[in-house]
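Here's the structure we're looking at; comments come further down.
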Amino acid sequence: MAVLGATGAFGCLQRPVEPVEPRTTSTIIERINQSGVDKIDILLAIDNSQSMADKQAILALAVPDLIKGLVNPPCINPDNPSDQQSVATPTTDCPEGYEREFEPVLDVHIGIISSSIGGYGGDACTESGSASNNDKGRLLARSSADAGSDLVENTYQGKGFLAWDPDQKKDTGATAKPGVADPGDGEADLDADSELDLNATALIPVLTDMVIGVGQEGCGYEAALESWYRFLVDPEPSTSLVKEGTNIVPQGLDQDLLKQRADFLRPDSLLAIILLSDENDCSIREGSQYYLAATYGNNYHLPRARTECATDPNNECCFSCAQTKEGCEPDPNCFASGSSNPLPVAAEQDHPNLRCFDQKRRFGIDFLYPMSRYTNALKNQQVPNRKGELVPNPIFSDLTGGVGNIRDAGLVFFAGIVGVPWQDIARNPGNLSEGFKTAEELSAPVGSLGSTWEAILGDPDKFIQPADPFMRESVIPRDGTNPITGDAIVVTDAATAQQESVYNAINGTEWKPNVANSDLQFACIFKLPEPVDCSTNAPGCDCAKSPDIPLCSGVTQNYAKAYPGLRELQLIKSVGSQGIVGSVCPAQLSNNQGSDFGYRPAIGAIIDRLKQVLGGQCLPRSLVPNKEKQVSCLIIEARNSQGQCSCDEATGRGPISDVNRQAESEIRNDPSAQASGWDCFCEIKQLAKEPLEACQNTVGDDVQDPQGNKVNGWCYIDGTTSPPLGAPELVASCAQTQRRLIRFVGDADSAAGATTFITCAGEPGTAGGD
18 MAVLGATGAF GCLQRPVEPV EPRTTSTIIE RINQSGVDKI DILLAIDNSQ SMADKQAILA
78 LAVPDLIKGL VNPPCINPDN PSDQQSVATP TTDCPEGYER EFEPVLDVHI GIISSSIGGY
138 GGDACTESGS ASNNDKGRLL ARSSADAGSD LVENTYQGKG FLAWDPDQKK DTGATAKPGV
198 ADPGDGEADL DADSELDLNA TALIPVLTDM VIGVGQEGCG YEAALESWYR FLVDPEPSTS
258 LVKEGTNIVP QGLDQDLLKQ RADFLRPDSL LAIILLSDEN DCSIREGSQY YLAATYGNNY
318 HLPRARTECA TDPNNECCFS CAQTKEGCEP DPNCFASGSS NPLPVAAEQD HPNLRCFDQK
378 RRFGIDFLYP MSRYTNALKN QQVPNRKGEL VPNPIFSDLT GGVGNIRDAG LVFFAGIVGV
438 PWQDIARNPG NLSEGFKTAE ELSAPVGSLG STWEAILGDP DKFIQPADPF MRESVIPRDG
498 TNPITGDAIV VTDAATAQQE SVYNAINGTE WKPNVANSDL QFACIFKLPE PVDCSTNAPG
558 CDCAKSPDIP LCSGVTQNYA KAYPGLRELQ LIKSVGSQGI VGSVCPAQLS NNQGSDFGYR
618 PAIGAIIDRL KQVLGGQCLP RSLVPNKEKQ VSCLIIEARN SQGQCSCDEA TGRGPISDVN
678 RQAESEIRND PSAQASGWDC FCEIKQLAKE PLEACQNTVG DDVQDPQGNK VNGWCYIDGT
738 TSPPLGAPEL VASCAQTQRR LIRFVGDADS AAGATTFITC AGEPGTAGGD
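Residues in the sequence shown are numbered consecutively from 18, following my numbering.
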């Protein structure tokens, strides 16, 4: 039995659906994400530049929350979902009167990559400077930045990622037995090793070591976005960047990465990318002359931008002084008198640390990959190869060469724990225990602003700054007041510098680096668990940068910092409900039992979003039943039957009726249809009369009609009406305003490898028009 709703699938339902028969000529066909998601692939994309060790340590502390939250969810009281109890293991039964919030996930892949993919063809971030300057977008399994792959032997079959496999089913060899530990099985232990598997490790300790092992010796031009794209998506990841004339050309094909990708990424799993970074993304394009942004040897400085760029970076005549464009008059500020060579940006305005800051305004060129590259990668069936030709997106492909169910964008999630004040994205700016805002809440008005996004992001495409001054990138001290919390920017003088009594609650104070224009102001800071002695200026120490830096008291560093993570936030916003935001600046690190401790709120937000898919999705809007308690929805199952199609009525299925052929036709045109090889389309039948009553009111998996016959089919349940339609216990785990769902019972649950679609009719000629 399964319970299933479709938050995404019912996006067209802006009003109650009238109780009429489905009319596929006026409806939208939507894919339903099966409530029975049985596997998850988690990719941790971790910034490994300097100053990240403290954040990696905090993430390591959150590893148990992440893993146990997915594989051992709490038991809840159906009558009072806030009444929860934890049990020892994922296979432990709940106490009497309690049930799992969602089924424990018993098949999980977890991999780690860093933000360092080299110097983009420039002279920055060479491997001779640090081996971890170029981790090549491949999986990491190391105990420290200089330890190579010393932990790879603790990963699944030495493949570089971890596999949670408590049922010991992953070994598919000829002699393998499900439920019996075999050499090819994954990890069966969470906290400590036991005899449940054949290895001497446990999942959480190894993953914790791997998180810490990413280190902070990587490239300062962080490819926070391009690194995960390289691993998961890039159809042709290169092995080298070669200079041909004045251009950089990617060459080779990284077969090692492609093998890791194929081993790690299943075609039908829920995919969650979790990014941790304390700086803005700096994913410089690889090719042409974009490498110049990562070039500073021999005191090289980029050509300056035309005058128009200073006030209007979107102006059609805003480009580099080294470029020309028809219709734009020569700019006299671009050249010295009598010279045809473009003037460079003044050295004091072109510090290597800030090559990725405000590029279009400063240089006339955006050297970074456009945001559409990453948005499309998370949504679209096809992506461009090196030649710009559209090819299958690996995220929406079966990399094993098999033919089966393939995920759609509704099973791809992107979470960012990034530089943004936690107060801005918290439900309660004064109490993070209430959690971070959801995508829907971030888009809702806040105060005088149209949304939280207006505060923390602004409109990057139009160069409109965030309303929150703490989120504005700037080399000089800013001014203004946080529109959500009322905290004011603080600028100190010699008498008040590093005096915590004058600090605001968000970033302490503004500061002035010893070297002008060499660093940015902070989005937020947070108190370290223990002060750090920076008298030797060790890696990651900030005290020597300025006598007024708010992180320190003299040579003792008390705080860590983060810069505005604007590009990461821009991507999260672009993927809508599939995006999750957390702050890299924790609210507190002193009470590890608190719900606001470290990254617990961020991990909680991630799990809360994923469990909407894992545990069955509740419906945000009502359907209107007819007098027989049925609703006007059609559900169709598509699958690859290998030529053995059967719509067995005994399982609650039936062939597509003639009136619904248009719906079948639209499903056949779904982008996944060809890749998945769908050749069998069946209607899953809505129940009626006594079987319907049983479906709507029987609490438990064994649903029978009054004669004792097994019930196979689906029904609609709504606990928000008075009286409720069906047993309220069946929707008790849904949010108070969303206690509705479609319930599948018996053998009507989607067949293995199948994809299910739903269409619900509205008023004649209007359904699906929203």
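Even glycine gets a Cβ: it sits at the ideal position worked out from N, Cα and C. These numbers were taken from a predicted model, which means no experiment stands behind them.
Whole-number beta carbon distance between residue j and residue i, since they are thought to touch under 8 Å
i	j	result
residue 166	residue 236	In fact, because the Cβ distance is near 19 Å, the residues do not count as touching under 8 Å.
residue 79	residue 616	4 Å
residue 400	residue 592	15 Å between Cβ atoms; not a contact.
residue 157	residue 231	6 Å
residue 773	residue 684	The Cβ separation is near 10 Å, so there is no contact.
residue 732	residue 713	5 Å
residue 575	residue 618	With 8 Å as the limit, residue 575 and residue 618 do not qualify as a contact, their Cβ atoms being about 22 Å apart.
residue 494	residue 538	7 Å
residue 265	residue 138	4 Å
Exposure label - residue i; buried when at least 16 CB within 10 Å
i	result
residue 511	exposed
residue 487	buried
residue 303	buried
residue 209	exposed
residue 706	exposed
residue 379	buried
residue 578	buried
residue 152	buried
residue 331	exposed
residue 194	exposed
residue 44	With a pLDDT of 49 at residue 44, under the threshold of 50, the modelled position of this residue cannot be trusted, and the question is left open.
residue 107	buried
residue 247	buried
residue 38	Note on residue 38: pLDDT 43, under 50, position unreliable in the model; no value is reported.
residue 256	exposed
residue 626	buried
residue 405	exposed
residue 7	Here the chain has residues from 18 to 787 only, and residue 7 is not among them.
residue 118	buried
residue 317	exposed
residue 681	buried
Bridge-paired residues (DSSP) for residue i
i	result
residue 131	63
residue 288	58, 429
residue 652	701, 775
residue 487	The partner list for residue 487 (beta bridge, DSSP) is empty, contrary to what the question assumes.
residue 116	93
residue 538	According to DSSP, which records beta bridges pairwise, residue 538 is partnered with nothing at all.
residue 137	None, per the DSSP bridge assignment.
residue 596	431
residue 694	Looking at the DSSP assignment, residue 694 forms no beta bridge with any residue, so it has no partner.
residue 368	Paired residues: none, contrary to the question.
residue 742	735
Pair within 8 Å by beta-carbon distance, residue i and residue j
i	j	result
residue 368	residue 534	yes
residue 635	residue 755	yes
residue 391	residue 586	no
residue 700	residue 673	yes
residue 504	residue 522	yes
residue 293	residue 63	yes
residue 141	residue 312	yes
residue 507	residue 520	yes
residue 87	residue 122	yes
residue 278	residue 428	no
residue 596	residue 453	no
residue 220	residue 202	no
residue 655	residue 771	yes
residue 536	residue 297	no
residue 720	residue 736	no
Legend entry - Sufficient close CB pairs (3 or more, under 8 Å) joining the segment 755 to 768 to the segment 713 to 731: At 8 Å Cβ cutoff, the stretches touch.
Legend entry - Meets three-Cβ-pair contact criterion under 8 Å: the segment 539 to 547 and the segment 603 to 611: Note that the segment 539 to 547 touches the segment 603 to 611; at least 3 beta-carbon pairs, one per stretch, sit closer than 8 Å.
Legend entry - Cβ contact (3+ pairs, closer than 8 Å) linking the segment 343 to 362 and the segment 407 to 420: With fewer than three CB-CB distances shorter than 8 Å, the segment 343 to 362 does not count as touching the segment 407 to 420.
Inset, instruction - Count the C-beta pairs between the segment 90 to 101 and the segment 123 to 133 that are closer than 8 Å, then say yes if the count reaches three, no if not. - result: Touching, no, given that fewer than three Cβ pairs across the two stretches are closer than 8 Å.
Inset, instruction - Check whether the segment 433 to 444 touches the segment 579 to 590, taking contact to mean three or more Cβ pairs, one atom from each stretch, closer than 8 Å. - result: Segment contact: the segment 433 to 444 against the segment 579 to 590, three or more CB-CB distances shorter than 8 Å; contact assigned.
Legend entry - Segment contact, 8 Å Cβ cut-off, at least three pairs: the segment 622 to 632 with the segment 471 to 485: The segment 622 to 632 is not in contact with the segment 471 to 485.
Legend entry - Inter-stretch contact at 8 Å, needing at least 3 Cβ pairs: the segment 257 to 271 / the segment 547 to 559: Contact fails: fewer than three Cβ-Cβ distances are below 8 Å.
Inset, instruction - Please confirm if the segment 331 to 346 is in contact with the segment 291 to 302, defined as three or more CB-CB distances below 8 Å between the two stretches. - result: Note that the segment 331 to 346 does not touch the segment 291 to 302; fewer than 3 beta-carbon pairs, one per stretch, sit closer than 8 Å.
Legend entry - Cβ pair count under 8 Å reaching 3, the segment 274 to 283 against the segment 213 to 228: Contact between the segment 274 to 283 and the segment 213 to 228 is absent, because fewer than three Cβ pairs lie under 8 Å.
Legend entry - Three CB pairs or more closer than 8 Å across the segment 462 to 469 and the segment 315 to 335: Touching, no.
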